[in-house]
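A short write-up of the structure that comes next.
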Amino acid sequence: MIRIVIAEDQRMLLGALGALLDLEDGMEVAGKAGNGEEACKLVRELKPDICLMDIEMPVKDGLTAAEELADEPCKIIILTTFARPGYFDRARKAGVSGYLLKDSPSEDLAEAMRKIIDGQRIFSPELVDLAYTEQNPLTERERQVIKLMAEGKNTKDISKELYITPGTVRNYVSVILDKLEVSNRIEAISRFKERGWFK
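Residue numbering for the sequence shown follows full-length UniProt numbering, starting at 1 and increasing by one per position.
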């Protein structure tokens, strides 16, 4: 019997997914969590074989939870609507066993779970294609600058935090806008977030 914990913040989807998996031969939903914090707690308490994890959840997101559960014997499968290369890259680094999109048919999900229990790693083909076509174009320093911008810091704050002159900060910002093909800071932050590149 494959025992499963599902982590999903949308109640209706959580219920539907649980009901579908309970209908599968040899599968049992052992627990349901509404956020990443609850998922970590349930995985440690119930010792399931698999944890199906959404990404964007309150309290603690699915990728952070997956990173925290990396040493647990439970196999983590990310199940999400977000085909973002940054998310996929982070999930792979966390050692997840699968990364599947929610629009996959339920029988595909059940089959993927059985393969994962047998030791395979399953990733949606769309994600693999995306991961290789859309790499983060920013350097480490440019990433530090955009992260501080996203925290609401202005040029002066960023220059103090990174020990560089305000003029250098402005240079970094114009390079960031150019690389992300946007016209202002707000668009840059939005584009960077859309791609899943914030760590």
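Don't be surprised by glycine CBs; every beta carbon is placed ideally from N, CA and C.
Bounding residues of the alpha helix (DSSP H) (the contiguous stretch that carries residue i)
i: residue 15; result: 11-23
i: residue 4; result: Per DSSP, residue 4 belongs to no alpha helix (DSSP H); it is in the beta strand (DSSP E), 2-7.
i: residue 149; result: 140-150
i: residue 173; result: 166-180
i: residue 183; result: Per DSSP, residue 183 belongs to no alpha helix (DSSP H) and is neither H nor E.
Boundaries (first-last residue) of the beta strand (DSSP E) holding residue i
i: residue 99; result: 98-101
Sub-8 Å separation of residue i and residue j beta-carbons
i: residue 116; j: residue 104; result: no
i: residue 202; j: residue 186; result: Given that the chain is displayed from residue 1 to residue 199, the structure contains no residue 202 and the question cannot be resolved.
i: residue 18; j: residue 2; result: no
i: residue 24; j: residue 110; result: yes
i: residue 216; j: residue 60; result: Because the chain in this structure spans residues 1 to 199, residue 216 falls outside the shown range and cannot be described.
i: residue 100; j: residue 112; result: yes
i: residue 159; j: residue 166; result: yes
i: residue 57; j: residue 36; result: yes
Residue i (DSSP reduced to helix, strand or coil)
i: residue 52; result: strand
i: residue 274; result: Here the chain comprises residues numbered 1 to 199, so residue 274 is not present and cannot be evaluated.
i: residue 36; result: helix
i: residue 123; result: strand
i: residue 80; result: strand
i: residue 111; result: helix
i: residue 29; result: strand
i: residue 75; result: strand
i: residue 156; result: helix
i: residue 62; result: helix
i: residue 87; result: helix
i: residue 106; result: helix
i: residue 47; result: coil
i: residue 198; result: coil
i: residue 69; result: coil
Top-ranked residue by Cα proximity to residue i, from the options
i: residue 4; options: 13, 35, 11, 39; result: 39
i: residue 198; options: 140, 42, 58; result: 140
i: residue 144; options: 100, 87, 169, 65; result: 169
i: residue 45; options: 58, 27, 54, 73; result: 73
i: residue 192; options: 171, 136, 162; result: 136
i: residue 120; options: 75, 149, 196; result: 75
i: residue 107; options: 150, 154, 21, 183; result: 21
Cβ separation of residue i and residue j, assumed to be a contact under 8 Å, to the nearest whole Å
i: residue 50; j: residue 77; result: 6 Å
i: residue 32; j: residue 14; result: 6 Å
i: residue 94; j: residue 66; result: 4 Å
Closer than 8 Å to chain B by CB, residue i
i: residue 1; result: This model lacks chain B altogether; it includes just one protein chain.
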